[in-house]
């Protein structure tokens with residue numbers, strides 16, 4: 125009932141680990157797979173190692189978190205070793221590599237070096253707290269986004285390309301259409317909102333080392349839903365919905381809005397990786413009780429009413 129075949133990936137359920145949460149090591153990703161995730165998105169990595177920002181890099185707020193890791197990355201060669209250790213789970217739990225860079229050439233080289241070990245690439249052109257001067261500034265520009273997607277697609281013809289978009293634009297559908305026109309096979313909506321700020325009321329100092337960070341968690345769900353809803357009508361490629369998913373009802377909302385697949389991140393901090401199995405069970409029960417034969421039947425349902 126929850127099975128689907130999207131982007132050539134045979135999925136037992138539509139729930140993926142989102143980039144940045146437990147996607148750092150092979151052992152943590154295998155743990156998430158064992159806990160019931162339908163797929164894995166790695167933490168974002170690039171060509172060279174990047175230490176990111178010093179702690180504190182994350183602070184809990186009402187309704188979510190503010191995080192400013194700064195795209196910490198071990199570099200492509202170290203990450204490739206982790207990916208090689210995941211080959212035994214890919215048949216049941218597809219692996220998507222989240223990659224970033226400051227140029228078309230870097231994106232392409234990272235993809236070239238790791239293409240044999242993943243089922244798809246997610247291009248992170250939308251991080252709101254990138255340390256190295258790139259991130260959402262790329263994803264806010266349709267032309268830059270188009271050029272990067274086109275270059276990676278030309279270099280990596282046999283591996284699906286997913287583009288993760290920022291909500292911090294006037295019209296996200298313009299970036300979505302630019303990605304699709306460049307050859308993107310799917311989109312991920314959305315990355316963190318912001319950046320935002322939290323100040324310690326006792327010391328008057330910003331809590332995060334980097335001062336500002338991306339806002340994630342349940343509080344951004346209405347924004348993510350709007351982006352998915354509007355984009356579904358603008359493109360003809362699948363959408364991963366992400367942003368504040370904590371239970372099966374949230375999954376239903378995203379799928380009604382047009383998401384084919386979902387990613388869960390921040391809620392793992394509160395509920396643990398068991399959240400994947402819990403949501404899968406609850407979602408399956410809902411679909412059965414309401415007469416659906418397969419989860420794909422509810423994709424975009426809100427647009428048909």
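Numbering (our numbering), first residue to last: 125 to 429.
The beta-carbon is built from N, C-alpha and C at its ideal position, and this holds for glycine as well.
Apply the 10 Å Cβ neighbour rule to residue 248 and answer buried if 16 or more other Cβ atoms are within range, or exposed otherwise.
buried
In chain order, what residues of the same chain have a beta carbon less than 7 Å from the beta carbon of residue 345, not counting five sequence neighbours either side?
Beyond the five residues adjoining it in sequence on each side, residue 345 comes within less than 7 Å, by CB distance, of 367, 368, 374 in the same chain, given in chain order.
So residue 125 and residue 412 are supposed to be a Cβ contact under 8 Å. How far apart are they, rounded?
7 Å
In or out: residue 341 buried (at least 16 other Cβ within 10 Å) or exposed?
buried
Take the Cβ of residue 323 as the centre, count every other Cβ of all protein chains shown within 10 Å, and call the residue buried at 16 or more, exposed below.
exposed
How long is the line joining the alpha carbons of residue 142 and residue 387, rounded to whole angstroms?
5 Å
Considering only the beta carbon of each residue, do residue 219 and residue 210 sit closer than 8 Å?
yes
In whole angstroms, what is the alpha-carbon distance linking residue 175 and residue 169?
11 Å
Go through its chain and collect everything with a Cβ distance to residue 130's Cβ below 7 Å, but skip five positions before and after it.
362, 384, 385
Start and end of the alpha helix (DSSP H) containing residue 228?
228-238
My output table needs one value for residue 401: the three-state DSSP class, helix, strand or coil.
If DSSP states are grouped into helix, strand and coil, residue 401 belongs with the helices.
Take every Cβ of the segment 266-286, pair it with every Cβ of the segment 188-198, and state whether three or more of those distances are shorter than 8 Å.
no
Once DSSP output is grouped into helix, strand and coil, what is the label at residue 328?
It is coil, neither helix nor strand.
What is the rounded straight-line gap between the Cα of residue 266 and the Cα of residue 303?
Spanning the two alpha carbons is a distance of roughly 8 Å.
Shortest alpha-carbon distance to residue 287 belongs to which of 276, 183, 281, 128?
Comparing C-alpha distances from residue 287 to each of 276, 183, 281, 128 shows the shortest one belongs to 276.
At 3 residues or longer, and completely inside the segment 280-327: list those beta strand (DSSP E) runs for me, N to C.
Fully enclosed beta strand (DSSP E) runs of 3 or longer: 285-289, 310-313, 317-321.
Identify the continuous alpha helix (DSSP H) that holds residue 158 and give its terminal residues.
Here the alpha helix (DSSP H) through residue 158 covers 150-158.
Residue 227: which of 172, 396, 295 sits nearest, CA to CA?
Among 172, 396, 295, the Cα nearest to that of residue 227 is on 172.
Considering only the alpha carbon of each residue, which of 262, 234, 298, 415 lies closest to residue 279?
234
Could you give the distance in angstroms between the alpha-carbon of residue 312 and the alpha-carbon of residue 185?
Looking at the backbone, the Cα of residue 312 and that of residue 185 are separated by about 24 Å.
Mapping the DSSP letters down to three states, classify residue 412 as helix, strand or coil.
Looking at residue 412 - three-state DSSP - the assignment turns out to be helix.
Roughly how far, in whole angstroms, is the beta-carbon of residue 338 from the beta-carbon of residue 145, given that I think they are within contact range, below 8 Å?
Going by Cβ atoms, the distance from residue 338 to residue 145 rounds to 13 Å, so no, they are not a contact pair.
Going by DSSP in three states, residue 383 sits in which element: helix, strand or coil?
coil
Does DSSP put residue 333 in a helix, in a strand, or in coil?
Reduced to three states, the DSSP call for residue 333 is coil.
Whose CA, out of 415, 351, 382, 320, lies closest to the CA of residue 182?
320
Return the Cβ separation of residue 426 and residue 358 in integer angstroms, given the expectation that the two are a contact with Cβ distance under 8 Å.
Going by Cβ atoms, the distance from residue 426 to residue 358 rounds to 15 Å, so no, they are not a contact pair.
Locate the beta strand (DSSP E) running through residue 220, then write down its first and last residues.
219-223
Nearest-angstrom Cα distance between residue 149 and residue 165?
12 Å
What residue range is occupied by the uninterrupted alpha helix (DSSP H) comprising residue 348?
345-356 is the extent of the alpha helix (DSSP H) around residue 348.
Three-state secondary structure (DSSP) at residue 246?
strand
From which residue to which residue does the beta strand (DSSP E) around residue 128 run?
128-130
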